[in-house]
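In the UniProt record's numbering, the protein residues as written are 1 to 302. Take a look at the structure below.
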């Protein structure tokens, strides 16, 4: 996935996400001020925060693409999970603050809301969010950074649906002259939105933390590695090896150690095994750092 075309697609997607967030965020802030709706102001602030996070993702993408150097001999791939962790932490902090503010308003007796305006806003932004999520997913389908952006836009679509549905309930309550209950709709929607969105930053933090702690790759990647190792074993009649793998950003690290009989293998054989393994894994789309060892010393296979 580290080729130039893929990186350009990733950056194009991130720039598109930033532009989309700017349009939606400004729309929400202006609409929220005009309607005096706290939920729209919250949504605008949430989306504008997304601009900062998208810019961070773009910077991380550029940094990760820099070739290894004397100072960074393994490159800067760790910047990708770090950026995703920052995104998750920022989103989680925003949700906690908004939830606390909404609870305070509810305890103070609620606030007035223009329900029809909120409903219209919810429908418009839901359609925009879904369209952007679809475009991003098609533009850079293999990028972890863009996947985080897609998750945010899909969450935004769900959030907008919640706004529209809640505003529809408020309109019904107003029609039934239940205005005292309507006052709690605006902060209630903010609180509900926070509950709906909170799994997203938690997932981002978990995924980033696992990568930084060098955990095993995702299940589908692990299965592909296992299958490639099985194929190579069958091709070269090798014993069961010790396999280690981890993913860091766009790079996939693989170590495969075979304990072989003395005198049967040489360095050129080891090279053939390595090439066979790498050839079977190239379709995954990652930058592969594969280490294959054929050793006769059992103490080295640990």
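All C-beta atoms in this analysis are idealised placements derived from N, C-alpha and C, irrespective of residue type, glycine included.
Give the straight-line distance between the Cα atoms of residue i and residue j, rounded to the nearest whole angstrom.
i: residue 1; j: residue 207; result: For residue 1, the predicted model reports a pLDDT of 44, less than 50, meaning its position is unreliable; a value from the coordinates is still stated below. Cα to Cα, residue 1 sits roughly 19 Å from residue 207.
i: residue 217; j: residue 35; result: 47 Å
i: residue 224; j: residue 279; result: 12 Å
i: residue 264; j: residue 237; result: 12 Å
i: residue 60; j: residue 67; result: 14 Å
i: residue 293; j: residue 255; result: 8 Å
i: residue 116; j: residue 184; result: 15 Å
i: residue 20; j: residue 81; result: 23 Å
i: residue 182; j: residue 40; result: 16 Å
i: residue 149; j: residue 5; result: 19 Å
i: residue 97; j: residue 45; result: 12 Å
i: residue 15; j: residue 137; result: 14 Å
i: residue 91; j: residue 179; result: 33 Å
Excluding five sequence neighbours on each side, which residues of the same chain lie with their C-beta closer than 6 Å to the C-beta of residue i?
i: residue 43; result: 28
i: residue 242; result: 257, 301
i: residue 153; result: 129, 132, 133
i: residue 135; result: none
i: residue 118; result: 37, 163, 167
Is the Cβ-Cβ distance between residue i and residue j less than 8 Å?
i: residue 89; j: residue 210; result: no
i: residue 146; j: residue 63; result: no
i: residue 25; j: residue 47; result: yes
i: residue 186; j: residue 69; result: no
i: residue 159; j: residue 197; result: yes
i: residue 87; j: residue 56; result: yes
i: residue 259; j: residue 222; result: no
i: residue 95; j: residue 201; result: yes
i: residue 84; j: residue 51; result: no
i: residue 113; j: residue 170; result: yes
i: residue 246; j: residue 283; result: no
i: residue 270; j: residue 143; result: no
i: residue 78; j: residue 7; result: no
Identify, in the order they occur along the chain, each residue of the same chain with its Cβ nearer than 8 Å to the Cβ of residue i, setting aside the five sequence neighbours on each side.
i: residue 235; result: 276
i: residue 240; result: 233
So, is residue i buried or exposed, given that buried needs 16 or more other C-beta atoms within 10 angstroms?
i: residue 213; result: exposed
i: residue 266; result: exposed
i: residue 262; result: exposed
i: residue 121; result: buried
i: residue 229; result: buried
i: residue 71; result: exposed
Within the present structure, is the beta-carbon of residue i separated from the nearest heavy atom of the ligand FAD by less than 7 Å?
i: residue 274; result: As far as ligands go, the structure on display features none, and thus does not contain the ligand FAD.
Among the residues of its own chain, which have a CB less than 7 Å from the CB of residue i, if the five just before and after it don't count?
i: residue 74; result: 68
i: residue 123; result: 164
Next on the checklist: Taking contact to mean 3 or more Cβ pairs, one atom from each stretch, closer than 8 Å, check whether the stretch 283-302 and the stretch 245-260 are in contact.
Outcome noted: Short answer: they touch.
Checklist entry - Do the stretch 177-197 and the stretch 91-109 make contact, defined as three or more Cβ pairs closer than 8 Å? => result Output reads yes: the stretch 91-109 touches the stretch 177-197.
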